[in-house]
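Undergrad:
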Amino acid sequence: MFALVSSVFLSRRGALVVLLLALLAALATEAWAQGKDGSGKRLEAIRSEMDRGQGFYLAGNYAGAAEVFEAGYAAYPYSAFLFNAGVCYQKQNDVDRALAKFKEYVKVDPNAPDLDKVNQRIATLEAAKAAAAAAAAAAVTAPVGDAGVDTAAGADAGAPAPPAVVLPSGDDQNSMKSLVVIETEPDGAPLRIYQRVDANARFTLGAAEHPGWKEVVATHAPANLTLDVGQYHVVVDKFRDFNASEADMAVSPGHVHQLKANLSQGKFMAFLRVSSNVLGAHIWIDDKKKEHPLWGDAPHGELVPGGKHDVLVEAPGFEPFLSSVDFEHGEQKELEVRMVRVNYGVLRIDSSAPEVKIRIDEQAKGTWRSGQDPLDIRFDSGNHKLTIESDGRKTFEGTIAVPRGQILPLHAKMIPKYPRGPAWTQAIIGAAFLGGAIYAGAESNHLYNELQTDRQNGSLEGSDSRATRGKWFAIGADAGFVVAGVLGGLATYNFIKDPLPESSVSQGKLLEFDDPLKARPVAHWAPSRAPRQNVAAAERGPRFQFTPSASSTGGGLFFGGKF
Amino acid sequence: MRARLPRLSLLGCLLFSASACSWSRFDDVTKNAPVVLLEKPDSMNGGFGVSLSTVTNDGQTELLVGGTVSVSGAALYDLGQEDAPGTKATDTGYCTGDSGPCSLSSLTAGFANASGPDRARPLCFAVGSGALTNKQGLVVRCQDFTEYTLGMPQAAQDLLAASIVQNKPRDFPMATDRTDDPVLLASLPEKHLAWFYPVKSTAFSELLVPSGVDVADPSFGRALAVLAVAGGRVLALGVPGKSEVLLWKSDGSANSSYIGCLAGAPGLGRALASGNVAGDVSDDLVVSDDTHVQVIDGSVLFGLPQTDSGECGLSAKIPQAVFDGFDCGSSKNVAECEKSEFGATLAVGDLDGDGAGEVIVGAPKMPVNGKENAGALLVYELNPSGAALVDTRVMSSAEAGDELGRSIVTPHVGKRDIIAAGAPGHGKAALFYCSALLPSGAAGSRCP
Numbered sequence: 000m001f002a003l004v005s006s007v008f009l010s011r012r013g014a015l016v017v018l019l020l021a022l023l024a025a026l027a028t029e030a031w032a033q034g035k036d037g038s039g040k041r042l043e044a045i046r047s048e049m050d051r052g053q054g055f056y057l058a059g060n061y062a063g064a065a066e067v068f069e070a071g072y073a074a075y076p077y078s079a080f081l082f083n084a085g086v087c088y089q090k091q092n093d094v095d096r097a098l099a100k101f102k103e104y105v106k107v108d109p110n111a112p113d114l115d116k117v118n119q120r121i122a123t124l125e126a127a128k129a130a131a132a133a134a135a136a137a138a139v140t141a142p143v144g145d146a147g148v149d150t151a152a153g154a155d156a157g158a159p160a161p162p163a164v165v166l167p168s169g170d171d172q173n174s175m176k177s178l179v180v181i182e183t184e185p186d187g188a189p190l191r192i193y194q195r196v197d198a199n200a201r202f203t204l205g206a207a208e209h210p211g212w213k214e215v216v217a218t219h220a221p222a223n224l225t226l227d228v229g230q231y232h233v234v235v236d237k238f239r240d241f242n243a244s245e246a247d248m249a250v251s252p253g254h255v256h257q258l259k260a261n262l263s264q265g266k267f268m269a270f271l272r273v274s275s276n277v278l279g280a281h282i283w284i285d286d287k288k289k290e291h292p293l294w295g296d297a298p299h300g301e302l303v304p305g306g307k308h309d310v311l312v313e314a315p316g317f318e319p320f321l322s323s324v325d326f327e328h329g330e331q332k333e334l335e336v337r338m339v340r341v342n343y344g345v346l347r348i349d350s351s352a353p354e355v356k357i358r359i360d361e362q363a364k365g366t367w368r369s370g371q372d373p374l375d376i377r378f379d380s381g382n383h384k385l386t387i388e389s390d391g392r393k394t395f396e397g398t399i400a401v402p403r404g405q406i407l408p409l410h411a412k413m414i415p416k417y418p419r420g421p422a423w424t425q426a427i428i429g430a431a432f433l434g435g436a437i438y439a440g441a442e443s444n445h446l447y448n449e450l451q452t453d454r455q456n457g458s459l460e461g462s463d464s465r466a467t468r469g470k471w472f473a474i475g476a477d478a479g480f481v482v483a484g485v486l487g488g489l490a491t492y493n494f495i496k497d498p499l500p501e502s503s504v505s506q507g508k509l510l511e512f513d514d515p516l517k518a519r520p521v522a523h524w525a526p527s528r529a530p531r532q533n534v535a536a537a538e539r540g541p542r543f544q545f546t547p548s549a550s551s552t553g554g555g556l557f558f559g560g561k562f
Numbered sequence: 000m001r002a003r004l005p006r007l008s009l010l011g012c013l014l015f016s017a018s019a020c021s022w023s024r025f026d027d028v029t030k031n032a033p034v035v036l037l038e039k040p041d042s043m044n045g046g047f048g049v050s051l052s053t054v055t056n057d058g059q060t061e062l063l064v065g066g067t068v069s070v071s072g073a074a075l076y077d078l079g080q081e082d083a084p085g086t087k088a089t090d091t092g093y094c095t096g097d098s099g100p101c102s103l104s105s106l107t108a109g110f111a112n113a114s115g116p117d118r119a120r121p122l123c124f125a126v127g128s129g130a131l132t133n134k135q136g137l138v139v140r141c142q143d144f145t146e147y148t149l150g151m152p153q154a155a156q157d158l159l160a161a162s163i164v165q166n167k168p169r170d171f172p173m174a175t176d177r178t179d180d181p182v183l184l185a186s187l188p189e190k191h192l193a194w195f196y197p198v199k200s201t202a203f204s205e206l207l208v209p210s211g212v213d214v215a216d217p218s219f220g221r222a223l224a225v226l227a228v229a230g231g232r233v234l235a236l237g238v239p240g241k242s243e244v245l246l247w248k249s250d251g252s253a254n255s256s257y258i259g260c261l262a263g264a265p266g267l268g269r270a271l272a273s274g275n276v277a278g279d280v281s282d283d284l285v286v287s288d289d290t291h292v293q294v295i296d297g298s299v300l301f302g303l304p305q306t307d308s309g310e311c312g313l314s315a316k317i318p319q320a321v322f323d324g325f326d327c328g329s330s331k332n333v334a335e336c337e338k339s340e341f342g343a344t345l346a347v348g349d350l351d352g353d354g355a356g357e358v359i360v361g362a363p364k365m366p367v368n369g370k371e372n373a374g375a376l377l378v379y380e381l382n383p384s385g386a387a388l389v390d391t392r393v394m395s396s397a398e399a400g401d402e403l404g405r406s407i408v409t410p411h412v413g414k415r416d417i418i419a420a421g422a423p424g425h426g427k428a429a430l431f432y433c434s435a436l437l438p439s440g441a442a443g444s445r446c447p
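These protein sequence lines are chains A and B, in that order.
The first sequence lines up with residues 0 to 562 when you count with numbering that gives the first Met the number 0.
The second sequence lines up with residues 0 to 447 when you count with numbering that gives the first Met the number 0.
(1) Return yes when the Cβ of A/Y193 is within less than 8 Å of the Cβ of A/E214, no when it is not.
(2) Give a yes or no on whether 8 Å exceeds the smallest Cβ distance from A/A466 to chain B.
(3) Rounded to whole angstroms, what's the CA-CA distance from A/A501 to B/V28? Just pull it up for me.
(4) Of the residues B/V214, B/A154, B/D401, B/K199, which one's Cα is nearest the Cα of B/R118?
(5) Quick one: Cα of A/L320 to Cα of A/F238, how far?
(6) Tell me where the beta strand (DSSP E) around A/I376 begins and ends.
(7) By the 8 Å beta-carbon criterion, what residues does the region 25 to 51 of chain B contribute toward chain A?
(8) With B/D170 and B/P188 assumed to form a contact (beta carbons below 8 Å), what rounded beta-carbon distance in angstroms separates them?
(9) Which bits of chain A does B/M394 rub up against, with CB to CB less than 8 Å?
(10) Within 8 Å of any Cβ in chain A, is that where the Cβ of B/C327 sits?
(11) Run through DSSP, which three-state label would B/A346 get?
(12) Below 7 Å on C-beta distance, what does A/A478 contact in chain D?
(13) At a CB-CB cut-off below 7 Å, which residues of chain B make contact with A/I359?
(14) What is the DSSP secondary structure of A/F395, reduced to helix, strand or coil?
(15) Which runs of the beta strand (DSSP E), 3 residues or longer, sit entirely within the region 36 to 121 of chain B?
(16) Counting contacts by CB-CB distance shorter than 8 Å, is B/A422 in contact with chain A?
(17) In three-state DSSP terms, what is A/D496?
(18) Let me know the secondary structure DSSP gives A/A27 once reduced to three states.
(19) Of all Cβ atoms in chain B, is any one closer than 8 Å to the Cβ of A/L450?
(20) For A/G507, name the three-state secondary structure that DSSP assigns.
(21) Please report the distance separating the alpha-carbon of A/A151 from that of A/A137.
(22) So, for B/P121: in the same chain, excluding its five sequence neighbours on each side, which residues have a beta-carbon less than 6 Å away from its beta-carbon?
(23) Identify each residue in the region 471 to 502 of chain A for which the Cβ-Cβ distance to at least one residue of chain B is less than 7 Å, and report them in chain order.
(24) Say whether chain A places a C-beta atom closer than 8 Å to the C-beta of B/S448.
(25) Quick one: which chain A residues come within Cβ less than 9 Å of B/A366?
(26) Report the neighbours of B/S252 on chain A: residues whose CB is nearer than 8 Å to its CB, in chain order.
(27) Interface residues of chain B around A/Y447 at Cβ under 8 Å?
(28) Does the beta carbon of A/R377 sit closer than 8 Å to a beta carbon anywhere in chain B?
(29) Between the C-alpha atoms of A/V255 and A/S275, what's the straight-line distance to the nearest angstrom?
(30) Please state whether DSSP places A/S5 in a helix, a strand or coil.
(31) Is it buried or exposed for B/L271, if we count other Cβ within 10 angstroms and need 16 for buried?
(32) Can you tell me whether B/L106 is buried or exposed? The criterion is at least 16 other CB atoms within 10 Å of its CB, across all chains shown.
(33) Can you tell me the Cα-Cα spacing of B/E532 and B/L437, whole angstroms?
(34) Kindly indicate which residue of B/A419, B/S298, B/E38 has the alpha-carbon position closest to the one of B/G231.
(35) Is any beta-carbon of chain B found at less than 8 Å from that of A/G435?
(36) Out of B/T91, B/S434, B/G424, B/V408, point me to the one whose CA is closest to B/S52's CA.
Next up, the structure:
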């Protein structure tokens, strides 16, 4: 509208200037949006570090917690990290480092609301340290006794160790300080923060006195504060033309809290943090149809206006989660979403064969050919009968468990069928021998019957040549039967024999569904250790390896193989 | 049923395999075969089985198998007493020429006991003509390898001498009866001479023919037979060229008388045989022509008076003497009789041991199982109702051209006679142990 109005009244040069200004305005808006987004991410990173340190602390891993807090401070120089690190060192009786951290805390945050408490802690630690030093000195100057041993030598060799510093150990999980970030829209509004000292006290806005409440901070927004655990009341005084506003705030130990007051509305914004068991799950706020850019990827926290909001969380392979969250002004809520996987999965199949046909539960599901991307087959999760066929290769049949909401890469190793040529040859030759044997046997029987008849007729002579022929036929028949039997046995064996392994399917690591909002990851097959089939067959092939070797006397490269 | 079929098939295959596996069954079936072939000696290159003669003495039976007439010698086989004959020759020195010139006759004759020049010897055979130690005559060789010659009429001696000098052998057919002391009948067809040697004598006695009888035929004496009858012998001589059979009788001494001449169908007298066909005490005469065989009572013949008649009409005078006549197809339909040379040879033997002999007729040209000229032996039994063909013997391994039945004798083995027949076409001689006439249980190990 602004550009439209300007084009009516300005000259061409003026119009150009207006266009440039509009462009600059757009760039500025983009930069502001990016700054805003960067600020959110920074806060999320700080929150993550603080949570991690707090986790170590609660687990009793003070050294680990101290290390995290130190690193957090190095990356994000907020004094809460320093104080928390000091507490961790104190927990470890490391008085020097604890003192150093507390003193640095006082130095970098001279207006800290708990400055007195920290100074008192420093004094206590120094006193304990001094007491320990005095005790050590007393132990060094004490008489050695009647043993007649040289004092100096006794001091070197037999002096008792200085007594350990005993530090106050009253710190508990609530000792961790939190970082509180308070912003106003617009910036610069005066702030006052009251801490509740009486559990039953109620804060009355506009009253001169606030019994049961103690003002701990008076500053201007934005403010990054390090506060103890407790209940606070934040008051934004009247600023310019904006009215005063206020909000309660509960500070939990070792956290990062964020408050933002929209002074034009006169109310503080609420804070929503969405976490999920699926890292990176996409979150939309008040956008069920996902018509606008997503709000963030879990875990994600951000200020939102008070009131009711629809939260939609989606992740590939999971059922969408939709919930409504109702906020009071200035209220902070964390929505933990436990997403459930969808009840189907994808089999991503390729093979060593040029072409394979896939059937699941006896239903044709497609054909994969060499050179193509792996074939994705979506199917209900659970156990299913998988059949993979390829010409000239052994058919694979097996049960495969289709995962829920994930991609299971499958690589079908199709083994060629064992050639049956020798078996057929033996069978045919055996059949020929069998036929010959049957013929010879029949001829032998025929001759025998003739001889028997002639004998009955009294005309058979002992040297009848038919007897010799019949005998040879009989021997030939026997030999034929034996050879046929042997060949038949060999043929049967060779029909049954199959030294080649069966076709097998190797399962790769489960992959997540492709995320259309991200770059599509390519799911390459990668063998996993657990669900492998036919491992022995896969290891039968020859393998070679080079093994470097080194010792004090030399080195070398060993070549080894397995067949 | 369908399920059983494969099993039954498998069982059948196994049984078939098992039966086919047994090659030893051929040894079993040929062991003690009913027909035994005699092994031809290597020394007999010139034929085998052309002539046969047999003799039995004290239960020992010998068989002499001759080769080609005037060319080869003969071999002796010991047939033993039961069903286990020796198939290898025990003596191959018969008329081989090793001891002197010898020409094998077409008909040889056996002696149960032969009166040699010094003493009687058992189991001897008159095998041919020749000269031994400068003595020419009919050559006799005995089982103990003794050889000697028998004198002949002068005309025969002269011809023999000439034939030896000229190396032109002559045939001297011979025949004996089957008594322990037989009479030997011999002939010289070329000179139309016939003579005999009386019982226990080595001296010949010439048979005289009345002047009215025409004997001028080259077939004179080609067939001979000696019938042992009560009171003497009947000597029969065939002249098939004239279809006549000349008959003499003798009391066993050197005396003989001509009793007549049988005439009949063409070829009558081509083969003669003697044997007790009627089952009485006398041998009977068996004579064949070109198609028929007749059996004539020997005792009737012996009772005929001497005659000088030249007429050859004896058959009409003794019709009661002719028991029966038969031909190849008599009483049974025997195929292939034509051109079978039915009746080429004859023999009489008591094949069933009942005391009456059967007539064995050779048909050497008869086809057997489609094999031309394989030859067969036809056995006829003479019954009161007439003669009947009762058996036919062939060799199971008959070959075309065997000509089984070109020679036949009936060696006595045990309590019966068997048939020995030559098949000179392929040099075979076979013993037929079985007969359809044999009663069950008396057949021996070789017969069913």
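In this text, a Cβ means the ideal position worked out from N, Cα and C, and glycines have one as well.
Since the structure is predicted, the reported quantities are computational estimates derived from the model, not experimental observations.
TA: Let me lay it out:
(1) yes
(2) Yes, contact with chain B.
(3) Checking the sequence shown, residue 501 of chain A turns out to be Glu, not Ala. Whole-angstrom Cα-Cα distance: 58 Å.
(4) For B/R118, the closest alpha carbon among the candidates B/V214, B/A154, B/D401, B/K199 is that of B/K199.
(5) For the record, residue 320 of chain A in the displayed sequence is Phe; it is not Leu. Looking at the two C-alpha atoms, the distance is approximately 41 Å.
(6) 374 to 379
(7) F25, D26, V28, T29, K30, N31, A32, P33, V34, V35, L36
(8) 7 Å
(9) S458, E460
(10) B/C327 does not count as touching chain A.
(11) strand
(12) Protein chains A and B are contained in the structure displayed, whereas chain D is not.
(13) Neighbours of A/I359 on chain B: none; closest Cβ ~38 Å, over 7 Å.
(14) strand
(15) 50 to 56, 59 to 65, 73 to 79, 90 to 93, 101 to 114
(16) no
(17) Residue identity differs from the one stated: residue 496 of chain A is Lys in this sequence, not Asp. A/K496 falls in the coil class under three-state DSSP.
(18) Confidence in A/A27 is poor, its pLDDT being 42 and thus under 50, which makes the residue's placement unreliable; the coordinate value appears in the next sentence. In this structure, A/A27 counts as helix in the three-state DSSP scheme.
(19) yes
(20) strand
(21) Bear in mind that a pLDDT of 40 at A/A151, under 50, signals an unreliable position, so the number given afterwards is only what the model happens to contain. The alpha-carbon atoms of A/A151 and A/A137 are separated by roughly 15 Å.
(22) N56, N112
(23) A473, I474, A476, D477, F480
(24) The structure shown has nothing for residue 448 of chain B, since chain B only spans 0 to 447.
(25) Reading off the sequence shown, one finds Pro at residue 366 of chain B, where the question assumed Ala. Per Cβ cutoff of 9 Å: no residues; B/P366 is ~15 Å from chain A at best.
(26) Neighbours of B/S252 on chain A: none; closest Cβ ~43 Å, over 8 Å.
(27) Chain B residues near A/Y447: R24, F25, V28.
(28) no
(29) 19 Å
(30) The predicted model places A/S5 with a pLDDT of 32, which falls under 50 and marks its position as unreliable; any figure quoted below should be read in that light. Helix at A/S5.
(31) B/L271 comes out buried.
(32) The residue in question, B/L106, is buried, as its Cβ has 16 or more Cβ neighbours within 10 Å.
(33) In the structure displayed, chain B extends from 0 to 447; residue 532 of chain B sits before or after that span and is not available.
(34) B/S298
(35) no
(36) Of the listed residues, the one whose Cα sits closest to B/S52 is B/V408.
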